[in-house]
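First residue of the sequence shown: 199, per the working numbering; consecutive thereafter.
Here the structure comes first, spelled out in structure tokens, and everything after it is commentary.
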Amino acid sequence: MKITSKQLRKIWLDFYKERGHVDIGGVSLVGDGSTGVMFNVAGMQPLMPYLLGKKHPMGKRLCNVQGCVRTIDIDSVGDPTHCTFFEMLGSWSLGDYFKEERTKWSFELLNKVFGFPADRLAVTVFAGNENVPRDNETAMFREKSGIKKENIYFLPKEDNWWELERGPCGPDSEMFYITDKEPCGKDCNPSCDCGRFVEVGNDVFMQYEKVDENKYIPLKQKNVDTGWGLERLLVFLNSLPDVYHTDLYVDVISLMEKTLGVKYGQDEKVTRAMRIVADHTRTAVMLIGDVNGIVPSNVGAGYILRRLIRRAVRFARDINLDLGTIVAVAKIFIEKVYNDSYPLLLEKEDHIVKELQIEMEKFNKALEEGRKEFEKVLNGIEKHKQFAAQKGEVVENIISGKAVFRLFDTFGFPFEITKELAQERGYAVDEEGFKKAFEEHQEKSRSAAAGQFKGGLVDDSYETAKLHTATHLILAGLKKMFGEQVVQKGSNITPERLRFDFNLDHKMTPEEIKTLEDFVNDAVKREIPVTCEEMTLDEARKSGAHGIFDSKYGDKVRVYIIGDVDSQICGGPHAKNTKDLHHVKIVKEESSSSGIRRIKAILD
Ligand code: SER
């Protein structure tokens, strides 16, 4: 069967529509923070409330095609199977049909619609544990649907249980295509990863809610959550060797082949780099061009996006692929591959291309500066070697972990590049030392941030001071919008971002977030000097300053005043002038705990 991605999406939706399902369309790739995951990793994620029992406006039988981003395996991308973006073909029963209908339809799709012979199909079923019994029912219905008894495998929770950090979950039953590979041993089964069994889809029977680590409660309704990978199905249906041969990728691969004069598959290193460039560029395009599009930054989802783009550039450089080709690859995805299924990409094309170019240039600059610093480090070691030689001592050709970390932290110079350059020059790098320095640094920023309001102790960089001023502006804005009862409930600042907790009885709407952001940036544009006055607690109270009127500050307190915008008791330090903040961007608003909201913001 030869089939295109566009046809496959349609076949899936038509099949379920004929069986009473409504196509609910896809949602944003960027998670809303409610599930503890940064990106939408599965079609069921936006359906959480409905799987938990809320009535869905479109009914009890739903289907869609949902883009998903999973970056947990980012370092495996480059092999034939891992992708950071993929599309999930989904279908759901919200307290309607259950195991019998689901297994019947799954088999019908695999066997009758897609033409996979029954003896090429295997399934796994939950083997049971101390909390949940073995799923004999699903095994029985699988067999009844047409799966051979010998191809039904009972596996433990590690393999046959589906859950996110919290929310609806339950035992699952995965479906596999049995390839021509010989069994890897007498116990060869779908969990052994030898490549004989390749997963095509998953039927999850959601009967539980995970409320806490190791705490599961039964759900009011029994649901079915089905998700099949579009890319994988395309590979099997068209008998292709890997996903890069599907119509989603052939054009970008062929462009790279032409540019480089090397065929895909001809050289291992080049092939791997081509895959990484193609995959990461595709995901970057999707994330920037999303309805809740993000841009590269140093925190959260923006940081993952930055890593994707920089990793693509790094591998492109390795095979001498110019940055213009990365842009051309992005344009093929936007204009040719996803023009029908993701038309928003076309609308946002200029923005996507601009953001990609800016980030690639930033990275190039970081690489140039880092390279100069790298040379300085090497010169230092060489000098040290000469001195040591005069004393008859020998110094090894090793770059210390601290020096490698400094290149990384101060100049954004990736560890791998330092290592490669070092190798070229006959040097080793102290990888363990680098990891240690990295962990120490993380620990230091954590404790600095934790102690920040317990004795106004802050990271000494001006970046932190600026973000600290931003928190004052944010609180002032919140008080103006929602009333004086809004107070700070916690704060955590690193040189890259601020996190600010406050009391509020509802999730802020996008309009409210925009109003707040405008309030803060208006103060930034007004270039207001930030001044500090020492006064007694009583004077501070009388002056109208807000803050914690608590004796821990001693007799005299410092009041930081931002013109007519804010006046707050605080230990500082702060920016000298609001203009130094340049622009404050709220990147997230989420729940922190009951009645407490959390804002994350950056300076961009
Ligand atoms: N939630 C399941 C998965 O992601 C099925 O949709 O595999």
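Here a beta-carbon is modelled for each residue, glycine too, at the ideal position from N, C-alpha and C.
Residue from the options with nearest C-alpha to residue i
i    : options                : result
K379 : P369, F395, I532       : F395
I767 : H670, A587, L696, F284 : H670
E466 : G487, I517, R509       : I517
K723 : K687, T776, I350       : T776
F403 : M472, D410, T322, F572 : T322
K786 : R695, H772, C730       : R695
S389 : E710, N349, G742       : N349
G793 : Q686, I711, V728, I759 : Q686
G487 : I532, N577, L519, Q584 : I532
D817 : G500, R505, V489       : A question about residue 817 goes unanswered here, because the residues of the chain that appear run from 199 up to 802.
A337 : F352, I596, D357, Y625 : F352
H219 : V441, A586, K633, E299 : E299
E239 : G313, S452, F283       : The sequence shown places Val at residue 239, not Glu. Closest option to V239, Cα to Cα, is F283.
Proximity of residue i and residue j at Cβ, strictly below 7 angstroms
i    : j    : result
T479 : A526 : no
S274 : D401 : no
W568 : L605 : Note that residue 568 is Gly in the sequence shown, not Trp. A contact, by the Cβ cut-off of 7 angstroms.
V475 : A510 : yes
P325 : F374 : The sequence given here places Ala at residue 325; Pro does not occur at that position. Contact flag unset, no.
L227 : C261 : no
H781 : A663 : no
S539 : T424 : no
G675 : I726 : no
G654 : G770 : yes
C367 : K408 : yes
T457 : T377 : no
G399 : W360 : no
L287 : V263 : yes
N327 : K355 : yes
N176 : Y625 : Beyond the ends of the chain as shown, which are 199 and 802, falls residue 176; an answer cannot be given.
S495 : I800 : yes
V602 : I550 : no
I759 : T734 : no
G257 : Q419 : no
D699 : S790 : yes
Heavy atom of ligand 1 within 6 angstroms of residue i beta-carbon
i    : result
M454 : no
G425 : yes
W817 : Residue 817 cannot be examined here, being either before or after the span of the chain that is shown, 199 to 802.
A482 : no
N238 : no
M242 : yes
N262 : no
N421 : no
For residue i, the first and last residue of its enclosing alpha helix (DSSP H)
i    : result
I579 : 547-588
R739 : 735-741
E591 : Here E591 belongs to no alpha helix (DSSP H), and DSSP marks it neither H nor E.
I800 : That residue, I800, is in no alpha helix (DSSP H); its beta strand (DSSP E) goes 794-801.
R756 : No alpha helix (DSSP H) contains R756, which is instead part of the beta strand (DSSP E) from 754-760.
I486 : 466-486
K664 : 660-680
I615 : 613-622
Q205 : 203-216
Residue range of the beta strand (DSSP E) that includes residue i
i    : result
L319 : 319-324
M404 : 395-410
T424 : 413-427
Y375 : 365-376
M286 : 283-292
L260 : 259-267
E788 : 782-791
K687 : 686-691
Y351 : 350-353
N701 : 696-701
Near ligand 3: residue i beta-carbon under 6 angstroms from a heavy atom
i    : result
V402 : Looking for ligand 3 in the displayed structure turns up nothing; the ligands present are ligand 1.
Chain C within 7 angstroms of residue i, Cβ atoms only
i    : result
E361 : Judged by its chain identifiers, the structure shown contains no chain C, having just a single protein chain.
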